[in-house]
Amino acid sequence: MRANVLALMMGSDFMEEIEVVRNSELKAGYSTLGIVREKAFESIHRYVIVSKTTIASGAVSDWRHHGKRHLYGFLESGRMRLEYGAKGASAVDVGKGDFFHIPPRLVHRDVNPDKEQRVVVVNILVGRGDPVINVKTPERD
Numbered sequence: 006m007r008a009n010v011l012a013l014m015m016g017s018d019f020m021e022e023i024e025v026v027r028n029s030e031l032k033a034g035y036s037t038l039g040i041v042r043e044k045a046f047e048s049i050h051r052y053v054i055v056s057k058t059t060i061a062s063g064a065v066s067d068w069r070h071h072g073k074r075h076l077y078g079f080l081e082s083g084r085m086r087l088e089y090g091a092k093g094a095s096a097v098d099v100g101k102g103d104f105f106h107i108p109p110r111l112v113h114r115d116v117n118p119d120k121e122q123r124v125v126v127v128n129i130l131v132g133r134g135d136p137v138i139n140v141k142t143p144e145r146d
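In terms of the working numbering, the sequence shown is residues 6 to 146.
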């Protein structure tokens, strides 16, 4: 039913009720080593994907990009550093309550610098194509 919700949001019909996805109902999301993704909503043709990402304390994810998609995020708990750019030399720090945007094709990785607290991010991916494209280096493959 969750795919129907986003299809209605993007279509001509209107929903007649509020849908809630409980934490226990989240589905496995698209994978990147170092992080766990769980999907709440996915529209027909995967144009919009809403998910929760968890990064363990002290973890560093693999490099990746999101193809033609925009990623919008909200940091629910913890703090993280997003590394990107040539040789991963650029970075931005994101704190609890911050929003961020990762543009299409920008290779990046998530770093949780805290050795005691996990990071939880709410993500919205918008666009077409593969949601996650894992790469070996910060340079696009």
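Every residue, glycine too, gets a C-beta built ideally from N, C-alpha and C. Remember, it's a predicted structure, so these values are computed and weren't measured experimentally.
Query raised in the report: Across which residues does DSSP place D98 in a beta bridge pair?
Result: The residue labelled residue 98 in the question sits at position 93 within the sequence shown. R86, per the DSSP bridge assignment.
Query raised in the report: Under 8 Å between the Cβ atoms of I23 and H71?
Result: Taking the sequence shown and counting its residues from 1, one reaches residue 23 at position 18. Taking the sequence shown and counting its residues from 1, one reaches residue 71 at position 66. In this structure, I23 keeps its C-beta atom at 8 Å or more from the C-beta atom of H71.
Query raised in the report: What is the C-beta distance between S62 and L38, in whole angstroms, given that I count them as a contact (C-beta under 8 Å)?
Result: Here residue 62 refers to the residue found at position 57 of the sequence shown. Here residue 38 refers to the residue found at position 33 of the sequence shown. Incorrect: roughly 16 Å between the Cβ atoms, too far for contact.
**Report entry** M6 versus Q122 - alpha carbon distance
**Finding:** Position 1 of the sequence shown, counted from the start, is the residue given in the question as residue 6. Position 117 of the sequence shown, counted from the start, is the residue given in the question as residue 122. Only weak support is given to the placement of M6: the predicted model assigns it a pLDDT of 45, under 50, and the value that follows is read from those uncertain coordinates. The straight-line gap separating the alpha-carbon atoms of M6 and Q122 is approximately 34 Å.
Requested in this report: Rounded to whole angstroms, what's the CA-CA distance from V1 to L87? Just pull it up for me.
Outcome: Residue coverage of the chain in this structure runs from 6 to 146, which leaves residue 1 outside it and unanswerable.
**Report entry** Same chain, Cβ closer than 8 Å to S95, five either side skipped, listed in chain order
**Finding:** Locating residue 95 in the sequence shown gives position 90, counting from the first residue. Cβ within range, chain order: E88 and Y89.
Requested in this report: Run the proximity test for E22: is its beta-carbon closer than 7 Å to any non-hydrogen atom belonging to the ligand ATP?
Outcome: For the ligand ATP, the structure offers nothing, since it holds no ligand at all.
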